[in-house]
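Under the numbering used here, the sequence shown has 22 at position 11, and the numbering climbs by one with no breaks.
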Amino acid sequence: MISSTFYNEIPSEPTVIVVPIFDDEPDTGFGVALGDAGWAAPGLVTSLRKSALAEFDRQVDVQVLTNVNNMLFKILATPDR
């Protein structure tokens, strides 16, 4: 799952911010169900080089994307203790 943030839209930037997608619930990190499309793991957000990516299309509805974004926001907004 690739974020559509401004950062990812910069043509000269060699990396993109991504949230990993798994077929099953992840063993680590926070998982968000994508319905029949698998699980997103916003707790494992990372960056990847654009040149290392291949196009793959998996459809999910808008509410699912909202759930993933909400979880990512909660993770990023929680201070380390």
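C-beta: ideal position from N, C-alpha, C; glycine also.
Query	Result
Nearest-angstrom Cα separation, counted from Asn78 out to Asp68	19 angstroms
Inter-residue Cα distance where the pair is Pro90 and Asn81	16 angstroms
When Val30, Pro25, Lys85, Val43 are compared against Gln74, the one with the closest alpha-carbon	Val43
Host alpha helix (DSSP H) of Ile86 (start-end)	73–88
Start-end ranges of the beta strand (DSSP E) lying completely within the region 28–53, minimum 3 residues	none
Rounded separation between Gly49 and Val30 - CA only	13 angstroms
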